[in-house]
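Asks:
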Amino acid sequence: MATERVDSVKTYAAVWIVLLILTALTTAVAYVDLGAFSVVAALVIAVVKMLLVALFFMHLRHSTHLTRLVVTGGLVWLMILLLLSFADFMTRGWVGVPGR
Amino acid sequence: MKSWLLTKDHKRIAVLYLATVTLFFFLGGAFATLIRVELLTPQGGLVSSETYNKLFTMHGVTMVFFFLIPSIPATLGNFFLPLMIGARDLAFPRINLLSWYLLVIGGLLALFAMLAGGVDTGWTFYTPYSTTYSNSWVIATALGIFVAGFSSILTGLNFIVTVHRMRAPGMTWFRMPLFVWSMYATSLIQVLGTPVLAVTLVLVFCERVFHIGIFDPALGGDPVLFQHLFWFYSHPAVYIMVLPGMGVISEVISVFSRKSVFGYAFVAFSSVAIAVLGFLVWGHHLFVSTQSVYAGMVFSFLSYFVAIPSAIKVFNWTATLYKGSISFATPMLYAFGFIGLFTIGGLTGLFVASLGIDVHVTDTYFVIAHFHYIMVGGTIMAYMAGMHYWWPKMTGRMYPEGWAKLSALVIFLGFNLTFFPQFILGYLGMPRRYHVYPDEFQVLHVLSTAGASVLAVGYLMPMIYFIWSLRYGALAPANPWGATGLEWKTASPPPVHNFDEAPVVTHEAYDYSTVMGEVIEVG
Amino acid sequence: MASDAHGETLALREQFDSEEQQKDASTLGMWIFLITEIMFFGGMFLAYSVYRNFYPHVFAVASSSMNAIIGATNTGVLLCSSFTMVMAVRAAQLGQRKIIILFLVLTLILGIAFLGLKAYEWNVKFEEHHVPGPAFHLDGVDTQGPAQIFFSMYFAMTGLHALHMVVGVGILTWLIIATYKGRFTAGYMTPVDIAGLYWHFVDIIWIFLFPLLYLIDRHLG
Amino acid sequence: MGSLPLFPEQASTIAPEVDHLLYYLLTVAVFFTLLIFGAIFYFAIRYRRRSERELPHVIHGGLTLEVLWSVIPFGLTMVMFSWGASIFFTESRPPADALQIYAVGKQWMWKLQHLEGQREINELHIPMGRAVRLTMTSEDVIHSFFVPAFRTKEDVVPGRYSTTWFQPTKPGKYHLFCAEYCGTNHSRMIGWIYVMEPRDYENWVSGGGPTGSLADEGGRLFESLACSNCHKPDGSGRCPNLVGLFGRIVQLSNGSTVVADEAYIRESILQPTAKIVAGYQPLMPTFQGLVTEEGVLELVEYIKSLGPKPGAPAGANVPVVVPHQQ
Ligand code: HEA
Ligand code: HEA
Ligand code: CUA
Ligand SMILES: [Cu+2]
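Chains as they are written, first to last, in our numbering: chain A, 1 to 100; chain V, 1001 to 1523; chain U, 2001 to 2221; chain E, 3001 to 3326.
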């Protein structure tokens, strides 16, 4: 990390425009009936936006392995929280006995 | 005075922490004493039910959040982590000082709550009792824990960055002392778990102040959701409480048998494994909570995975003794105590992780006994081991060996007398958090209380002789135990910038052949 | 960047050997702080998902009562502020002091604009009786409890997000002053960099809050 | 006081099973405790330091040993897991012919209702040898229904139903404890379970409730809350017919299905819009605040009594294995 990588203004501007377009897209898509895929679409777009911000604006694409490991770790831990909690919430009632 | 309160020296901050957590330990101990005295008789004559409920709540809150979680990391970790990796200080000394202030502010908030009237929710703050029904000082206490939580987060953050970025030349990951590994693993939990507790407390706070119904069943909220959020932190937090102790034991066992820890890499990795796997098991506190049957099974299953790295550690420590040169200095006695009592506590953890057994023993004294065996029998023993082991380095004085050995013995005996009967009580069905109880449980309760008085004496002794030694103890040499760590390569107590000459590491940890030349006999 | 180990420069603190080590440490520290933030908001995302899963219909109705235009506009504002922030960081990398200040000020303005719109939105919620409490009422659903839970989550999540924004605004102000005083050079711009990370992170949180709170099953309403 | 028992009484079918699992765990625990304590004592004495100058041989570790002492304990714990899980699974599924009893926890008492209309507070009379199924809820905070002699415990949570069951094997009087901390008098929220010979129980229960059976009581409530204005026995009008509802699979308007169990009926009464029956409008008003938890239980029992699912015995709980969300 002797010298900083300096990205061009063009890159930043492009990312910025794409982010704005994606915002419009996610809003528009919400008015379309996609059934269960509405949520999926909204989340996919959000994840893409997150990646754009993280990789470009937060310079994750230039950063060390360690930093990337830290970020991945954070996301994995969030998934642990959500998934294992849903292991309870989604399986309630499976045995057909109230409260079990 | 001012130089202490504004210090950025990790060693001084460690001493500040030491004073703070000791205070909270005795406060928590005083609550414990009252609990035990109250439980002498089944009818509960000493205090009212309300008071009793506040006693165990404040005992749990004080001991967990203001004593045990900061204890080893913030005192011994703070003092020795930079020394052991050959750094001049932690990466962020100002944040380190801030952490201490946060703990103090959090502690004062909790103390305020206690003085103003106390809290009666249990240390687990289950909703809707804590949000809707309790009319005690829940908000101030929650706020105190919230603030103390940030202290814990910042300490963890500081340690992680320090370990990554501040190691001395030649100090590779696999040359690090095992204490550093365990502090690193602990820090991971602090950083990843504590924020969830923080946000949970914020939600409880909002619910209590604005009555908005996040967990309120009357509005369709789910009280079990609170339990998930709480234990997502609080189960891993039990490893915040025990991993640092395990680190101390690895050091002590090695030094006092003058042998490298058996299976260094396994012990190092098992710390990290415990930290990671510890996040997958929290639902074992919810087996009878109306959590789904399948989730219960998943969590029970995963709970056993976290037991294996602990088992690996215990076996490796024991194997380290094999063909060693074993000294019976006080730290080693405590280490023996730790291994034995942690084993019992851990093995009974396997009982409660088994669904069929836990349905019967959950919320009984069996659980109380399980965790006191680990937290008091385990971690506090380790803490005492570490305090004795590093006392000469921290203060430049030796403690009186005879008294120390005596107190170790008293604590061990008192401890078992206090908590062993509680296993039987629990299996017999004595529920926890009971102010009055059926007569047939009295005998065992009396035994337990008797043990607690012995235990109290055992804890008061070190308090006295440590203070005594500050003035009258023999002057400590730089390396009284013939230990290998970098912390022993500098004066006792160490100078402000830790090392007069920046250390360069050329050997693995625990290479005793390198220090034999400098061994100095001690009485 | 060569400065001696016991550096007397303004920037290098005594526990570090080199400025590089110091910068790496600060950056790592910030990233770790950000994952604590992920977990902090994660708790709320969990609560949100659980209740949305319990009460999909109520959540859809409640979400549709939001003003999606304001929500989308605010998202845009925040994304613009991220862009200006990254431009400030870039200027810092190049050591262009005036440009740093320019972009920091722009970021600050956008941040305040976001908070202004947020405040306006909350005020509307107040008038519509969508604030959880005894006066709460949401048209279109029969059971007010779950609807109230939606708005509890709304206020908790946007409230804590806004709190982070307020902190960010404070940091920006401090940075502007410090830059103006010439504290940062091309060699030492760590604070700008780190503030940037924080600001973008807060943006990312909002990127998720927007669809989750404003855009549930819009096609129904 | 007197004698000092080490084990609680075994008074249910599940109790000996739990105790057997305990013996297994105790064996493992005692073995390892002795092993570790023994090894520490032996090594400590055998290899005690004899001179300050001695430097033992370096032993770095051994892979075989590491693997051994990971795999063997792991195997032992998997037995703990599966054995415990299988007991738990049994504990979670009451047999179909179990005697239904309702319990409502409240700071700080247990209110129990028999189908025949008998009501008890902090006491529960049950027949020996017959499986008893409790459907429980709370009016305020979380409580927990704990009978040590039966080795059963289950939390009683406000806002939802929970279930526990046991089959007593020995007549007698057993402790009932509240095991989840619930406030000031948590330790006084206790009572007794009376296990009676079946014949004595018949006598006791046919003593009759003051107001008739639970279902009758529910029927009266059904009238007085004006449920019957909408829900007509012939299914006319804009409301679903409730006859034969219990245990049936209900088609919902959002396309999913749900089994009409106690929890579903409770939710239909307190939060009617949460799940809308397919083909109907969300017209039903909420009865939250208008009816107590006990009242809801009576209504549930009344709806159950409105006729069984064709082919199933009356009052039976029909175990269904249809996944549905809650
Ligand atoms: C430092 C604290 C600490 C530690 C380290 C542990 C460690 C463990 N705990 Fe414990 N626990 C608590 C503190 C702790 N616990 C507290 C405070 C509570 C109650 C909270 C409350 O409700 O107030 C609790 C409650 C608790 C419960 C819930 C009980 C209930 O409320 O019903 C469970 C259930 O699974 C559990 C399991 C375990 C397990 C499996 C381990 C394992 O990590 C143990 C692993 C260790 C060993 C296994 C011993 C060493 C191994 C050998 C000697 C070799 C032989 C090994 C095998 C055969 C595998 N604990
Ligand atoms: C680190 C954690 C920690 C520690 C160290 C301890 C230490 C002790 N605990 Fe702890 N305990 C908890 C954590 C801890 N506990 C938790 C989390 C709970 C659950 C709370 C809840 O349910 O919410 C609990 C609950 C709990 C109960 C159950 C209460 C109930 O459910 O009704 C009991 C009962 O015996 C008990 C006893 C003790 C005793 C005797 C000690 C002893 O080891 C303490 C010894 C120390 C001293 C005695 C202090 C030293 C001396 C003095 C202060 C001088 C004055 C004393 C005398 C003159 C005698 N504890
Ligand atoms: Cu009811 Cu404890
Ligand atoms: Cu646990």
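Virtual Cβ for every residue (Gly too), placed ideally from N, Cα, C.
This one's a predicted model, so the numbers in the text were calculated from it and none came from an experiment.
Could you tell me if the beta carbon of L1428/V falls within a distance shorter than 7 Å of some heavy atom in ligand 2?
Replies: Checking the Cβ of L1428/V against ligand 2 gives no.
Asks: Can you give me the start and stop residues for the beta strand (DSSP E) that S3144/E sits inside?
Replies: Looking at the DSSP string, the run of the beta strand (DSSP E) that includes S3144/E is H3143 to V3147.
Asks: For the structure I just gave you, are there three or more beta carbon pairs, one from the region 1176–1183 of chain V and one from the region 1232–1249 of chain V, closer than 8 Å?
Replies: The region 1176–1183 of chain V is in contact with the region 1232–1249 of chain V.
Asks: Please classify L2110/U as buried or exposed, where buried requires at least 16 other C-beta atoms within 10 Å of its C-beta.
Replies: Counting Cβ neighbours within 10 Å, L2110/U comes out buried, since at least 16 surround it.
Asks: Compute the Euclidean distance between the alpha carbons of V1504/V and K1489/V, then round it to the nearest angstrom.
Replies: Looking at the two C-alpha atoms, the distance is approximately 11 Å.
Asks: What's the call for K49/A, buried or exposed, on a 16-neighbour Cβ count within 10 Å?
Replies: With 16 or more Cβ atoms within 10 Å of its Cβ, K49/A is classed as buried.
Asks: Please list the terminal residues of the continuous beta strand (DSSP E) segment that includes I3193/E.
Replies: G3191 to M3196 is the extent of the beta strand (DSSP E) around I3193/E.
Asks: Quick one: grab the DSSP three-state call for I1212/V.
Replies: If DSSP states are grouped into helix, strand and coil, I1212/V belongs with coil.
Asks: Within 10 Å of its beta-carbon, does P3005/E have 16 or more other beta-carbons around it, so buried, or fewer, so exposed?
Replies: With fewer than 16 other Cβ atoms within 10 Å, it is exposed.
Asks: Just the Cα atoms here: how many angstroms apart are A1140/V and F2136/U?
Replies: Rounded to the nearest angstrom, the two C-alpha atoms are 27 Å apart.
Asks: Could you tell me whether the Cβ of I1214/V comes closer than 8 Å to any Cβ of chain E?
Replies: By this cut-off, I1214/V is not an interface position.
Asks: DSSP three-state label for H3060/E, please.
Replies: H3060/E falls in the coil class under three-state DSSP.
Asks: Look at the alpha carbon of A3260/E and the alpha carbon of A3103/E, and state the distance between them as a whole number of angstroms.
Replies: Roughly 20 Å separates the two Cα atoms.
Asks: Whose CB is closer than 5 Å to a heavy atom of ligand 3? List the residues in chain order.
Replies: This criterion selects H3143/E, C3178/E, C3182/E, H3186/E and M3189/E.
Asks: Using the C-alpha atoms, what's the distance from A1091/V back to Y1389/V?
Replies: Looking at the two C-alpha atoms, the distance is approximately 25 Å.
Asks: Report yes if the C-beta distance between R92/A and T3163/E is below 8 Å; otherwise report no.
Replies: The answer is no: Cβ separation not under 8 Å.
Asks: To the nearest angstrom, report how far apart L2209/U and P1223/V are at their CA atoms.
Replies: Taking the straight line from one Cα to the other gives about 24 Å.
Asks: Name, please, each residue of chain E whose Cβ falls closer than 8 Å to the Cβ of R1258/V.
Replies: Near R1258/V (Cβ distances below 8 Å), the residues of chain E are R3049, E3054, L3055 and P3056.
Asks: Quick one: measure Cβ to Cβ for L2172/U and T2107/U, integer angstroms, because I've assumed they're closer than 8 Å.
Replies: That belief holds up - the Cβ atoms of L2172/U and T2107/U are roughly 6 Å apart, short of 8 Å.
Asks: Taking CB distances under 8 Å as the criterion, tell me whether M2039/U reaches chain A.
Replies: Yes, because at least one Cβ of chain A sits closer than 8 Å to the Cβ of M2039/U.
Asks: Is it the case that the CB of V3104/E approaches a heavy atom of ligand 4 more closely than 7 Å?
Replies: No, the Cβ of V3104/E stays beyond 7 Å of every heavy atom of ligand 4.
Asks: I want to verify the contact list: residues of chain A whose CB lies under 7 Å from the CB of Q1291/V, in sequence order.
Replies: Result: D88.
Asks: Along chain U, in chain order, which residues have C-beta atoms closer than 9 Å to that of W94/A?
Replies: Neighbours of W94/A on chain U: none; closest Cβ ~15 Å, over 9 Å.
Asks: Label Q3038/E either buried or exposed according to how many other C-beta atoms from any shown protein chain fall within 10 Å of its C-beta, with 16 as the threshold for buried.
Replies: The question names Gln, but residue 3038/E is Gly in the sequence shown. G3038/E is exposed by the Cβ-count criterion.
Asks: Using a Cβ cut-off of 7 Å, pull out every chain V residue sitting near G35/A, in sequence order please.
Replies: Correct list: empty, because the minimum Cβ distance to chain V is about 25 Å.
Asks: Hey, out of M3109/E, P3240/E, S3144/E and E3202/E, whose CA is closest to V3157/E's CA?
Replies: Minimum Cα distance to V3157/E is reached at S3144/E.
Asks: Could you pull out every residue in the same chain whose Cβ sits closer than 6 Å to the Cβ of P1421/V, ignoring the five residues on either side in sequence?
Replies: Hits under 6 Å: L1444, L1447 and S1448.
Asks: Under a Cβ-count criterion, where at least 16 other Cβ atoms within 10 Å of its own Cβ denotes burial, should P3127/E be classed as buried or exposed?
Replies: With 16 or more Cβ atoms within 10 Å of its Cβ, P3127/E is classed as buried.
Asks: Quick check on Y3264/E: does DSSP put it in helix, strand or coil?
Replies: Y3264/E: helix per DSSP, three-state reduction.
Asks: Can you list the residues of chain A that P3016/E reaches, using a CB-CB cut of under 8 Å?
Replies: Chain A residues near P3016/E: none, gap ~23 Å exceeds 8 Å.
Asks: Select from the region 1156–1186 of chain V all residues with a C-beta closer than 9 Å to any C-beta belonging to chain D, and list them in chain order.
Replies: Judged by its chain identifiers, the structure shown contains no chain D, and its protein chains are A, V, U and E.
Asks: Exposed or buried, which one is F1174/V when buried takes at least 16 other CB atoms within 10 Å?
Replies: Looking at its Cβ environment, which holds fewer than 16 other Cβ atoms inside 10 Å, F1174/V is exposed.
Asks: Q3100/E: buried (16+ other C-beta within 10 angstroms of its C-beta) or exposed?
Replies: So Q3100/E ends up on the buried side.
Asks: Please report how far the alpha carbon of L1055/V lies from the alpha carbon of A1408/V, in whole angstroms.
Replies: If you take the alpha carbons of L1055/V and A1408/V, they lie about 27 Å apart.
Asks: Can you name the start and end residues of the beta strand (DSSP E) that I3126/E belongs to?
Replies: Where I3126/E is concerned, the enclosing beta strand (DSSP E) stretches over E3123 to P3127.
Asks: Could you give the residue range of the alpha helix (DSSP H) that holds F3177/E?
Replies: Where F3177/E is concerned, there is no enclosing alpha helix (DSSP H), although the beta strand (DSSP E) it sits in stretches over G3172 to C3178.
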